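Colleague:
2 protein chains.
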Amino acid sequence: MARSLGRICKGFQCLGSLSSIQTQLRQPSTSVSVRGTTFVRTMVALPSLFSSKPRDFSLPNSSWGSEMMRLYEHYNSQCEVETEGGEKQEGPWRRLPSYNRLLKYATGGVYLSKIIQSKARLFTRNIRDPGAAFEYVLFVNSEEQKCACVFQAGHLLEGPPGHVHGGAIATMIDTVTGTHATILSGPVMTANLNINYRSPIPLGSTVLLESFLDKKEGRKTFISCKVTSSNGSKLHTETTALFLSINFSHLLLGE
Amino acid sequence: MARSLGRICKGFQCLGSLSSIQTQLRQPSTSVSVRGTTFVRTMVALPSLFSSKPRDFSLPNSSWGSEMMRLYEHYNSQCEVETEGGEKQEGPWRRLPSYNRLLKYATGGVYLSKIIQSKARLFTRNIRDPGAAFEYVLFVNSEEQKCACVFQAGHLLEGPPGHVHGGAIATMIDTVTGTHATILSGPVMTANLNINYRSPIPLGSTVLLESFLDKKEGRKTFISCKVTSSNGSKLHTETTALFLSINFSHLLLGE
């Protein structure tokens, strides 16, 4: 386990010291979480490495339907609010940018060939056709310690005929809860996902994922998450998730 | 919940009676399970509806690496065995075919537009580029009530740098345990997935998923699943899964 984590950390080590990465990871706007393990969004943290500006998938595109746009506007309008004096200031919510890969120049796992490494893409952002797969945007409310994600499920995510695959739902839950845990606790790994499926999600529909901090105990961060229809009337899934903070000194000692 | 399940069942109803579908679902070679809900592989069950033979993704292609091929051959060689008299007969294992969509002519969910419906693809088979995403083949051993799946994770499944996304792992677990539950109990829906992540999976590597029947209680089928490295030396995840048999009469009464 320690060795596996060590391999994952190589990507960071080639980019800078662990301490600076840990600092970056505590800044939500420059970090992401996937597979529960959370990593710095390097394209944000190190923009000078890139010749052109990467696409931010969290911004609206023509494939977004009316429900997706309505919920996006609902949260986005609360990212910046106007004071009584007419001045603009930060609101309670903040939109998190999203890209299609993590560490472009990381060495990756020990089994990762150079060819695979050069082509690797973030699972949730690997389809080029807008609207075909995962269309989603994540917002964080630091004061209330919660996250909200608006998710429109494309036609390439089919499981049961006309409905979203349970694995695609689990993918979004892992993404949202992992991001939330990162924001709260710094670098983490998913230790457990316990998902109760209550009702299937129609393909092409927009749903809302909301995550909440349950508690923190030492290295453990407990997050719960529910997926509902866009108007909140139907419960699709309920989840508890456990994340473990990555203990770098523990890793370095190889224990 | 009942109404949602009813929508999903429409796809079957337009193709034939429920009783014939249930019969087909008890024949593993013609059934699949996705999102835990299990459906007949219509392209197998009703070949006359299709003008050309669909691609069976469970057969080897040029992207399969040596470990993928080794494990494939290991199980495939046990699908047909030779008797002492030199005759060939069915072995303990059976390979399950796999396609990129379920019910081509199903009506799908109520929110499903005709455009989405015509383009819908099974989540795990939606990438055309061989080796880029989910390469897997499922085998079933009916006598020992277990399933084995050989899975090679492509470069489009990235989560942590150089490693597989937790959602992609959950997707494969849902697929394998759901298929297994179907074979054992007929049409089912996933009610719960409880996944413990032990160590990350390097991108590009081949792993083995094995599922086992824990118990059956009324409508409930309990399956456990472990994901290990291809040689079995490393444990990646441990999962318990609960599936509920779909009660058609219950659905029809709208209760």
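Sequence lines, in order, name chains A and B.
Just so you know, the first sequence maps onto residues 1401 to 1655 in the numbering used here.
Just so you know, the second sequence maps onto residues 1401 to 1655 in the numbering used here.
Beta carbons are placed, not taken as given, at the ideal position from N, Cα and C, and that holds for glycine.
Remember, predicted model here, so these are calculated numbers, not experimental data.
Between the region 1567-1576 of chain B and the region 1558-1567 of chain A, do three or more beta carbon pairs fall short of 8 Å?
Modeller: Contact holds: three or more Cβ-Cβ distances are below 8 Å.
Colleague: Just to confirm before moving on: does the CB-CB distance between B:A1548 and B:L1608 stay below 9 Å?
Modeller: For B:A1548 and B:L1608, yes; Cβs fall inside 9 Å.
Colleague: Is the region 1601-1620 of chain B touching the region 1478-1494 of chain B, taking contact as three or more C-beta pairs under 8 Å?
Modeller: They do not touch, by the three-pair rule.
Colleague: Over the uninterrupted beta strand (DSSP E) stretch that includes B:L1608, give me the two end residues.
Modeller: Segment T1606 to E1617, the beta strand (DSSP E) holding B:L1608.
Colleague: Which residues, taken in chain order from the region 1569-1581 of chain B, show a beta carbon closer than 9 Å to some beta carbon of chain A?
Modeller: Per Cβ criterion, the list reads I1569, A1570, T1571, M1572, I1573, D1574, T1575 and G1578.
Colleague: At what residues does the beta strand (DSSP E) containing B:I1595 begin and finish?
Modeller: First-last of the beta strand (DSSP E) with B:I1595: V1588 to Y1597.
Colleague: In angstroms with no decimal places, state the Cα-to-Cα distance between B:L1557 and B:A1533.
Modeller: Cα-Cα distance, rounded: 6 Å.
Colleague: Evaluate B:N1500 with the Cβ neighbour count: other Cβ atoms within 10 Å of its Cβ, from every protein chain shown; 16 or more gives buried, anything less gives exposed.
Modeller: So B:N1500 counts as buried.
Colleague: Assign B:R1470 to one of three DSSP states: helix, strand, or coil.
Modeller: In the structure shown, B:R1470 sits in a helix (DSSP, three-state: H, G or I).
Colleague: So, does the CB of A:V1564 fall closer than 9 Å to a CB anywhere in chain B?
Modeller: Cβ-Cβ to chain B under 9 Å: yes for A:V1564.
Colleague: What does A:E1535 reach in chain B if we use C-beta pairs closer than 8 Å?
Modeller: Those do not exist, as A:E1535 stays about 13 Å from chain B at its closest Cβ, beyond 8 Å.
Colleague: Quick one: using the 10 Å Cβ neighbour count with 16 as the cut-off for buried, is B:Q1517 buried or exposed?
Modeller: With 16 or more other Cβ atoms within 10 Å, it is buried.
Colleague: Classify B:S1633 as buried or exposed, calling it buried when 16 or more other Cβ atoms lie within 10 Å of its own Cβ.
Modeller: The residue is exposed, with fewer than 16 neighbouring Cβ atoms inside 10 Å.
Colleague: List the DSSP bridge partners of B:E1558.
Modeller: Answer by DSSP bridge pairing, in chain order: A:L1522 and B:V1564.
Colleague: My output table needs one value for A:L1644: the three-state DSSP class, helix, strand or coil.
Modeller: Residue state, collapsed to three classes: strand.
Colleague: Anyone know if the C-beta pair for A:T1637 and A:R1598 falls short of 9 Å?
Modeller: In contact: A:T1637 and A:R1598 (Cβ atoms closer than 9 Å).
Colleague: Indicate the three-state DSSP secondary structure (helix, strand or coil) for A:T1639 in the structure shown.
Modeller: Strand at A:T1639.
Colleague: So, at 7 Å on beta carbons, what are the nonlocal neighbours of B:E1482 in its own chain, with the 5 sequence-adjacent residues on each side left out?
Modeller: Counting only Cβ-Cβ distances below 7 Å, and skipping sequence neighbours, we find K1488.
Colleague: Buried or exposed for A:S1463, please, with buried defined as at least 16 other CB atoms from any protein chain shown within 10 angstroms of its CB.
Modeller: A:S1463 is exposed by the Cβ-count criterion.
Colleague: Taking 9 Å as the cut-off, decide whether the C-beta atoms of B:V1550 and B:L1471 are in contact.
Modeller: Yes, the pair counts as a contact, with Cβ atoms nearer than the cut-off.
Colleague: Quick one: Cα of A:T1582 to Cα of B:T1524, how far?
Modeller: Cα-Cα distance, rounded: 28 Å.
Colleague: Tell me whether B:N1631 is buried or exposed, calling it buried when 16 or more other Cβ atoms sit within 10 Å of its Cβ.
Modeller: Under this definition B:N1631 is an exposed residue.
Colleague: Is B:T1524 close to chain A, meaning its C-beta is less than 9 Å from at least one C-beta of that chain?
Modeller: True, the Cβ-Cβ gap to chain A drops below 9 Å.
Colleague: Please list the terminal residues of the continuous beta strand (DSSP E) segment that includes B:S1463.
Modeller: Careful: B:S1463 lies outside any beta strand (DSSP E) and carries neither H nor E.
Colleague: Spatial neighbours of B:G1465 within its chain, please: CB distance less than 7 Å, with the 5 preceding and 5 following residues excluded, ordered by chain position.
Modeller: Closer than 7 Å at the Cβ level, and outside the excluded window around B:G1465, lie Q1552 and T1606.
Colleague: Could you name the residues of the region 1584-1617 of chain B whose beta carbon sits closer than 8 Å to any beta carbon of chain A, in the order they occur along the chain?
Modeller: So the list reads M1589, T1590, A1591, N1592, L1593, N1594, I1595, N1596, Y1597, R1598, S1599, P1600, P1602, L1603, G1604 and S1605, given in the order they occur along the chain.
Colleague: Less than 9 Å between CB atoms is the rule here; does B:Q1517 satisfy it with respect to chain A?
Modeller: So yes, B:Q1517 belongs to the interface.
Colleague: Give me the chain A residues within the contact set of B:G1632, using Cβ-Cβ distance strictly less than 8 Å, ordered along the chain.
Modeller: By Cβ distance, chain A contributes nothing, its closest Cβ being about 16 Å from B:G1632, past 8 Å.
Colleague: For A:N1461, is the classification buried or exposed, using 16 other Cβ atoms within 10 angstroms of its Cβ as the cut-off for buried?
Modeller: Exposed is the call here.
Colleague: Which of helix, strand or coil does DSSP assign to A:A1553?
Modeller: Residue state, collapsed to three classes: strand.
Colleague: What residues of chain B sit near A:L1471, judged by a beta carbon separation below 8 Å?
Modeller: Those do not exist, as A:L1471 stays about 15 Å from chain B at its closest Cβ, beyond 8 Å.
Colleague: Helix, strand or coil for B:I1601 per DSSP?
Modeller: Reduced to three states, the DSSP call for B:I1601 is coil.
Colleague: Pull up the distance between the alpha-carbon of B:W1493 and that of B:Y1536, whole angstroms please.
Modeller: Distance between the alpha carbons of B:W1493 and B:Y1536 is about 16 Å.
Colleague: Is there a C-beta anywhere in chain B that falls below 9 Å from the one on A:A1548?
Modeller: No, A:A1548 lies away from the interface with chain B (no Cβ there is under 9 Å from its Cβ).
Colleague: In chain order, what residues of the same chain have a beta carbon less than 7 Å from the beta carbon of B:G1485, not counting five sequence neighbours either side?
Modeller: Closer than 7 Å at the Cβ level, and outside the excluded window around B:G1485, lies no residue.
Colleague: In three-state DSSP terms, what is A:Q1489?
Modeller: Strand at A:Q1489.
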